Amino acid sequence: MKSLSLFFAYVLLVTPYLLVKATNVLTVECNNKLRRATHCANGSLYGITETTPRDYKSLVDPLHPFVMRNPARGGNGNQHPYGDAIKVARRLADTPGALVSVDLPDMLPGWPYRWPGMQSWLNQVKSFINDKKASGLKNWYGLEIWNEPDGTWNNSNGSFEEMWKQTYQVIRQADPNEKIIGPCYSWYTDDKLRNFLKYAKANNCLPDIISWHELSGIDGVSSHLRSYREIEKSLGIPELPISINEYCDAEHELEGQPGSSARFIGKFERYKVDTAMITWWFVPYPGRLGSLLATDTQKGAGWYFYKWYGDMTGDMLYVKPPNDNSKLVDGAACL
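Take the sequence shown: its letters are residues -22 to -1, 1 to 313, numbered as in mature numbering (1 follows the signal peptide of the UniProt record, and there is no 0).
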């Protein structure tokens, strides 16, 4: 007999109106299968480094993580002195199904990133690809050309679109089978994504995986996912996998907590988001699995919740909340 696994978030506020609304039904459609369970939201930004969590076999493997997001280089002179993607990929090589998404601009120092000029940048991209290939590792999700260009790309750098195209061409030549991810906007904006896709389609440099961040909480997540698919249709672009490669609650202290995360996971599964990574804003320490660990060695409540999510197998089912745009009840289920 197949078993049904379900979790949901239920926020109860003490006002008469919301107490009545909370009686609405969360429906699991057992005959409406979405896809095989992938644990799409079981990933994090800088959640694992070269050394932390130290006991990653007991703290990381049980979560059945999908994609971890790490800087291409981690050392002095880079964005961060930790989290080197190649070293992390090597740590995760024996973790079934775990992949690494590479944040290329994290090779650069400063915030916003200190632009070194086009030729220096392209040389650094080529150098990383050479080292990546020499490692012999295969557990890669893809290469992110830039991170949050709506806040980190200065006009003095020149054209972002031209940088994108040239970097895209270098990656295609040096690492033709690797997936390219972008544009990794810091928030969803119809106009920016539409203009980016128009340019990329016209210049033969569409990403393999489209990405943006959801850093303002659950508000708008469902409408963003619907709206993005409409943009693709209007431009004649086949559906691209979506990576929400940073997500967090608007109240950062709720990051990674079960009640908050269930709402994100419910929507990501329902809209078939390919991957999603928790941020690290509440406890800004690397190696904490996006706030799921209380310390480098102690599990928080979120760890146990994501363990439950990671244990889901079989097919993910369509879960219909009372209101798809609601901040309150949502969830995910598998059969």
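Just so you know, even glycine gets a beta-carbon here, dropped at the ideal spot from N, CA and C. Small disclaimer: the values here were computed from a predicted structure and weren't measured.
Check whether residue i and residue j have beta carbons under 8 Å apart
i, j, result
"Y146", "I123", "yes"
"L103", "L82", "Residue identity check: residue 103 is Val in the sequence provided, not Leu. Yes, the Cβ-Cβ distance between V103 and L82 is below 8 Å."
"D168", "P219", "no"
"A228", "G280", "no"
"I158", "L121", "yes"
"G88", "R47", "no"
"L193", "E231", "no"
"G244", "G309", "yes"
"C183", "N125", "no"
"T73", "F44", "no"
"T275", "R32", "yes"
"Q57", "D84", "yes"
"S113", "R68", "yes"
"G160", "W142", "yes"
Strand pairing of residue i, partner residues [DSSP]
i, result
"E122", "D81 and I159"
"W190", "Y163 and I222"
"P49", "D81"
"L23", "R47"
"L271", "K277"
"A254", "I222"
"T5", "K298"
Residues of its chain near residue i, where Cβ-Cβ distance is below 8 Å and the 5 sequence neighbours each way are ignored
i, result
"K111", "D153"
"Q144", "M96 and L100"
"V(-9)", "With a pLDDT of 28 at V(-9), under the threshold of 50, the modelled position of this residue cannot be trusted, and the question is left open."
"G292", "K(-21), R14, A15, C312 and L313"
Close beta carbons around residue i, own chain, < 6 Å, minus the five adjacent residues each side
i, result
"P264", "Y24, T27, Y60 and G61"
"I188", "L218 and I220"
"N2", "P300"
"F106", "A50"
"W93", "N135"
"S304", "none"
"L(-4)", "Caution applies to L(-4), whose pLDDT of 39 falls short of 50 and renders its modelled position unreliable; the value that the coordinates give is listed next. Counting only Cβ-Cβ distances below 6 Å, and skipping sequence neighbours, we find nothing."
"F283", "P236"
Integer Cβ distance of residue i from residue j, believed to fall under 8 Å
i, j, result
"G129", "S164", "5 Å"
"L12", "V307", "The Cβ separation is near 19 Å, so there is no contact."
"L295", "E7", "6 Å"
"E139", "Y177", "5 Å"
"C18", "F246", "6 Å"
Closer than 8 Å to chain B by CB, residue i
i, result
"Q97", "Included in the structure is just one protein chain, with no chain B present."
Neighbourhood of residue i by C-beta, 7 Å cutoff - its chain only, sequence neighbours within 5 removed
i, result
"E156", "W118, G120, L121 and I149"
"N108", "none"
"N10", "L295 and Y296"
### Query
Taking contact to mean at least 3 C-beta pairs separated by less than 8 Å, is the stretch 57 to 72 in contact with the stretch 290 to 309?
no
### Query
Does the stretch 265 to 273 come within contact of the stretch 242 to 257, defined as at least 3 CB pairs closer than 8 Å?
yes
### Message
So, does the stretch 200 to 220 touch the stretch 233 to 240, judging by three or more C-beta pairs under 8 Å?
### Response
no
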